[in-house]
Amino acid sequence: MLGAGFRRSGEGRFSAGTLGVYLVVGASGVVGATAGCAPVGSATLDHLLTGAVAAVVALAAVYASGAALIAASLIVAAGGSPAMHLVGVVAVLATTVVERRRRSTPVAFRAFVGALIVQALLRLPWTSPARGSAAIASLAILVILMSSVRGTSADARRVIRRSALIVGAIALTAAIASLYAIAHSHTLLQAAAADTRAAVDAARSGDRQRATDAFATAQDHFDGAKSTLESWVTWPGRQLPIVGPQLRVIDRVASIGAHITPIARSSVTTVDPDRLRLVDGRLDLATIASYRPIFDRVAAETRAVRDQLARIPRMWLAPPLDHHLARFEATIAKADDDAHTADEAVTLAPSLLGASGARTYLVAIVTPAESRGSGGLMANYGVLTVSGGRLRLSKVGRGGTLNVVGAHPKRLTGPRDYLARYGRFEPAQTWQNVTMSPDFPSVGEVMAQLYPQSGGAPIDGVIRVDPVALAGLLSLTGPVRIPGLPVTLNAQNAVPFLLRDEYALIADRQRRADLLGDIARAVFDRLTSGRSARPSAFGNALSPAIRTANLALWLRDARGQAFVRNIGADAGLPPFRGDSFGVVVQNGGGNKIDNYLQRIVRYEATVSGTTGHVSVHAEVGLHNDAPTQGVPLSVIGNELGLPVGTSRLYVSIYSPFALRNASLDARPLQLDAESELGRRVYSAFVDIPAGKTRTMVLDLDGSVDLSSGQYHFDYLAQVLPNADRVNFSVHTPDAHVVGVTVHAAAPVRATTASRSASVTLTSARGPWTVDLSLRR
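FYI, the numbering for the sequence shown is 0 to 775, going by numbering that gives the first Met the number 0.
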């Protein structure tokens, strides 16, 4: 048959033509094996299969019609890269020459044209839609193969049909058996993933028995799926394109789950959270040290599993399986983050808790009723000393007293940006202004410099707490009663009482000045009396306050501060990248009126997907809902002689972009231009009468790097009694929005269209980010 085909191309050259064809076919197979295609998911089989396809297509080109070769060549020419365009054009021209000089052209040349086409088809650079290049390449190859079959003899066609039927029947049988195994295993893996999530949640909440039982059930399901997938019934299916990758991926997931589950179960069984509780204000550091190898192993295993899952090829994975793999990856990622957080905490705990010497931490107790950039005015402070795992609140005082004790004058040597922006407000002499920066690590460094100059000992860190954080602690301690206080404080009433009610119920100003400190001491005494809650309960109670920056930490130790940053407890300005916006207000009237402040922010950005140019129109509404009577003057009065109920705010707008123009209530507004930690800052004092709204409008211009196809935006939230209301929108006139991801501590409503996206937060507490995926 082969000889007959060759003889049509010229008598007398049979041997030479046959040898030439064989050489071309063999070369095509060898080169095709290196194309990198993975239709089966096995490196060896993939090389063999793609090599065989490349060889067969080169051979089939000898028999295929010129029209079929030209059609395949045109597909290559549309392949999406200059190299493919060139190869396609060359293949079209070569085919045309062959067809015109059919009798005088060596048949090996036709095989060469086929080899050229198939090598290009196996390397099509198309990435969208997913698997689109494979579908197009398969179509082009099928055209050549079908055309070549028609070009063979009748006997050859009968042999080909019979062979195809036999191979097809075998493949169909293997596929049916494999699909059954996939379906059964998929059900088991779904159950295993659900059990794993339940176990992780139970472990986080400290329920060891429930976590152990859930891990045991997950183990049974993983083992069952693994047994099904590795049975002899599925072996033929593993050798099939498309079906093989499904089996291999599911088997890999089952194997990973079967490996990690016993380790997780063992760690839950071994680590007793009751031994990690505070007992009479002391943590057992020896127990913590003994658990460290367990945490190290779990962290190493979860990271290894996470890396293995990330390397699983998903090109051919069916959407339902891909979805469940993504959910399993999310579960493992969550477990890995928890494991590394716990491991790092266990590693650092002895040092931070005074295993090798006493540690001293300043506790800054702030109130956002008088706004500052970082949490609020420092009304009171405490000194927490830790030695050998024992905690003691050794001192509690008023923040203002630190102004008049110690050295005079006090001096600051940094941070540089902090001094440049806030030096004129004299934070070195006025502790009430120390918290003006929205970057708490900067504030922590300043406090560490100033406290020893204010009569205190050198400190190893700062803990900033506000009424929301105190309410979280009250959920652990239960209600506390303060002598002389008309109410018993609990987790539900602490925030409204400390932000509003105390000013009406406690007339004695000196008594109010000590109140936050008295409450902090009472809560601490309850926490350190008897046996405290489990670590998981502390995490559940305080993590919301950490997410919204109501609780923040700064540690002098570099590794400790890196840990604080990793768990999101540093309350620092995020690293500058992409677009960013923030509104920071500082109380300028010396009152507690900011409990009545409501901010409404509207941010509209127009982004060029081609150049990265960004034009911004931002509106900041500042509404003062304060009354003019019926509330103590300490709340609605001021030290400036302004009408009662007036709020004076020092407003700062943070953005990476240049300010084009600004207005306040439709009148031109002059803003001071400065910078802080990589961002431009535009500031002015604004007075807001009682019951009125003042609106700042800003137009800004700049550019962002869109080379990754991502547009990033972060909102710099400020801790205030009332959450911001924010509407953020992006328009991309020359790019398509193909995806949006929002990370926020508050509920979010996000909508997208082809060339725009909108995100609305009616209760924007804590920092939040938006990432848009763009296709230009």
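Just so it is clear, CB atoms sit at the ideal spot from N, CA and C, and this is done for glycine as well.
query                                                                                                                                                              : result
Going by CA-CA distance only, name the one from Ala133, Pro534 and Leu699 that's closest to histidine 616.                                                         : Leu699
Who pairs with phenylalanine 684 in a beta bridge, going by DSSP?                                                                                                  : Tyr649
Nearest to proline 319 by CA position, among Gly387, Ser184 and Leu418, is which residue?                                                                          : Ser184
Using a Cβ-Cβ cutoff of less than 6 Å, which residues in the same chain neighbour glycine 471 once the five nearest sequence positions on both sides are dropped?  : Ala540, Leu541 and Ala544
Grouping DSSP H, G and I as helix and E and B as strand, with all else coil, what is threonine 740?                                                                : strand
Can the beta-carbon of alanine 786 be found less than 8 Å from the beta-carbon of proline 720?                                                                     : With the chain covering only 0 through 775, there is no way to say anything about residue 786.
Quick test of the definition: if touching needs 3 or more C-beta pairs under 8 Å, does the segment 34 to 41 touch the segment 235 to 248?                          : yes
Which first and last residues belong to the alpha helix (DSSP H) in which tryptophan 776 is found?                                                                 : Nothing in the structure corresponds to residue 776, since the chain is present only between 0 and 775.
Quick check on DSSP: helix, strand or coil for leucine 392?                                                                                                        : strand
Under 8 Å by Cβ, that's how I've got alanine 90 and valine 112 pegged, so tell me the actual separation to the nearest angstrom.                                   : 6 Å
Below 8 Å, how does it come out for the segment 45 to 54 and the segment 23 to 35: are there three or more Cβ pairs, yes or no?                                    : yes
For the segment 671 to 679 and the segment 624 to 633, state whether three or more C-beta atom pairs, one from each stretch, are separated by less than 8 Å.       : no
Could you tell me the boundaries of the beta strand (DSSP E) in which alanine 756 lies?                                                                            : 755 to 763
Measuring CB atoms only, is the segment 552 to 567 touching the segment 441 to 457, in the sense that at least three cross pairs come out at less than 8 Å?        : yes
Starting from valine 613 and walking both ways along the beta strand (DSSP E), at which residues does that stretch end?                                            : 612 to 623
Which same chain residues, not among the five before or five after phenylalanine 424, have their C-beta less than 8 Å away from its C-beta?                        : Asn432 and Met435
Mapping the DSSP letters down to three states, classify threonine 609 as helix, strand or coil.                                                                    : coil
Given arginine 326, which residues of its chain have a CB within under 7 Å of its CB, disregarding the five upstream and five downstream residues?                 : Ala192
To the nearest angstrom, how far is the alpha carbon of histidine 220 from that of valine 232?                                                                     : 19 Å
If you draw a straight line from the alpha carbon of leucine 22 to that of alanine 168, how long is it in whole angstroms?                                         : 33 Å
Classify aspartate 713 as buried or exposed, calling it buried when 16 or more other Cβ atoms lie within 10 Å of its own Cβ.                                       : buried
Sort Glu328, Tyr450, Asp513 and Arg291 by Cα distance to alanine 309 and report the nearest one.                                                                   : Glu328
Quick one: complete beta strand (DSSP E) runs, 3+ long, within the segment 269 to 323?                                                                             : none
Going by beta carbon distance, what residues of the same chain come within less than 8 Å of alanine 344, once the five residues before and after it are set aside? : Phe562
Who are the near neighbours of isoleucine 159 in its chain, counting only those whose CB is closer than 7 Å to its CB and skipping five residues on each side?     : Val148
Could you work out which residue in Val606, Thr547, Ala82 and Leu141 is closest to alanine 744 when comparing CA atoms only?                                       : Thr547
Using a Cβ-Cβ distance cut-off of 8 Å, determine whether arginine 247 contacts chain D.                                                                            : Annotation note: the requested chain D is absent from the structure, which comprises a single protein chain.
Looking at the unbroken beta strand (DSSP E) that takes in valine 725, where does it start and where does it end?                                                  : 723 to 730
Please report how far the alpha carbon of arginine 724 lies from the alpha carbon of tyrosine 602, in whole angstroms.                                             : 11 Å
Between which two residues does the alpha helix (DSSP H) holding glutamate 98 run?                                                                                 : 81 to 99
So what does isoleucine 481 bridge to, in DSSP terms?                                                                                                              : Looking at the DSSP assignment, isoleucine 481 forms no beta bridge with any residue, so it has no partner.
Do isoleucine 481 and isoleucine 518 count as a contact pair if the criterion is CB distance below 8 Å?                                                            : yes
Measuring straight from C-alpha to C-alpha, what distance separates lysine 333 and arginine 203?                                                                   : 11 Å
Return the CA-CA distance between aspartate 279 and glycine 374, expressed in angstroms with no decimal places.                                                    : 31 Å
So, histidine 730 versus arginine 774, is the Cβ gap smaller than 8 Å?                                                                                             : no
Out of curiosity, what's the CA-to-CA distance linking isoleucine 69 and threonine 605?                                                                            : 45 Å
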